[in-house]
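Quick note: the sequence shown uses our numbering, first residue 19, plus one each step. We put the beta carbon where it would ideally sit given N, CA and C, even for glycine. Note that the coordinates shown come from a computational prediction; the quantities given were computed from them, not determined experimentally. Written below as structure tokens is the structure these notes are about.
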Amino acid sequence: MTAPDVIWFLGSDSDLPHVEGGFKQLRDLGISFEVRILSAHRTPDQVGQVASGAREAGTKVLIGVAGGAAHLAGVLASMTTLPVIAVPIPTEFAGGLDSLLSMVQMPSGIPVATVAANKAGGKNAALLAARIMSVSDGAVAARLDEHKQGMAEAVLAKDKKVRSKYASN
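As structure tokens, then:
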């Protein structure tokens, strides 16, 4: 079995709705991935086993998704030298600020890239993972270029529509 390019680690299955857009984004870019429900606090041995073996297996990027204490991405980063991306999940207590602060206050030597603490987080994590991979994979770089062009075309179409609708002459 071939290792996935990206492994998503979710602290809970309740995090799924926040990151499913990221799964779609990776599929659209032709990037393989795996999704795991593993907790930094409740299943630390399993987190360590998967994270520490990911590089040797051929995985390129890890994504840690969590809310509240949100230690998952930091724990992943402590167990590997692969790039780790954190996705903070909004919470009832502080709206996701607690998650975000847990992720961006990493100690020296344990880097974690953190993306938006809103519904864009999962998609942005996927795109950041793809950009990391594009450094050494020209096919991924080309697909990212196509994606970026598609976004520009969508904005220009909206611009044309609004300009036409609200023209003063």
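In terms of residues, what are the limits of the beta strand (DSSP E) holding residue i?
i, result
"Pro106", "102 to 107"
"Arg240", "Within the shown structure, residues of the chain are numbered from 19 to 187, placing residue 240 beyond reach of any answer."
"Gly82", "79 to 85"
Go to residue i, then tell me how far its alpha helix (DSSP H) extends in each direction, as first and last residue.
i, result
"Val93", "90 to 96"
"Arg111", "Reading off the sequence, residue 111 comes out as Phe, not Arg. Taken as a continuous stretch (DSSP letters only), Phe111 belongs to no alpha helix (DSSP H), as it is neither H nor E."
"Ile128", "Segment: none, Ile128 is in no alpha helix (DSSP H) and carries neither H nor E."
"Val24", "Counting along the chain, Val24 falls outside any alpha helix (DSSP H), though it belongs to the beta strand (DSSP E) covering 24 to 28."
"His36", "34 to 46"
"His165", "156 to 183"
Assuming the contact rule is C-beta atoms closer than 8 Å, residue i and residue j should be a hit. Round their C-beta distance to whole Å, please.
i, j, result
"His36", "Gly140", "6 Å"
"Gly71", "Asp116", "Actually they are not in contact, since the Cβ atoms of Gly71 and Asp116 sit about 31 Å apart, beyond 8 Å."
"Ile81", "Ala143", "5 Å"
Using a Cβ-Cβ cut-off of 6 Å (strictly less than) and excluding sequence neighbours within five positions of residue i, which residues of its own chain qualify?
i, result
"Thr132", "Ala104, Met121, Val122"
"Glu52", "Pro22, Ile25"
"Val83", "Leu28, Asp33, Val37, Val105"
According to the neighbour-count rule (16 or more other Cβ atoms, all chains shown, within 10 Å of its Cβ), is residue i buried or exposed?
i, result
"Gln43", "buried"
"Phe111", "exposed"
"Val175", "Here residue 175 is Ala; the residue named in the question, Val, does not match the sequence. Exposed, since its Cβ has fewer than 16 Cβ neighbours within 10 Å."
"Val102", "buried"
"Ala69", "buried"
Tell me, please, whether the CB atom of residue i is closer than 8 Å to any CB atom in chain D?
i, result
"Gly76", "No chain D appears in this structure, which consists of one protein chain only."
Report all residues from its chain with a CB closer than 8 Å to the CB of residue i; omit the five preceding and five following residues, and keep chain order.
i, result
"Pro62", "Val93"
Worksheet item: Is the segment 123 to 138 touching the segment 157 to 173 in the sense that three or more CB pairs, one from each, lie closer than 8 Å?
Response: no
Fill in: At least three beta-carbon pairs within less than 8 Å, the segment 118 to 125 to the segment 78 to 92
Counting C-beta pairs closer than 8 Å gives three or more between the segment 118 to 125 and the segment 78 to 92, which meets the contact rule.
Fill in: Validate contact between the segment 69 to 78 and the segment 23 to 39 using beta carbons, cut 8 Å, 3 pairs
yes
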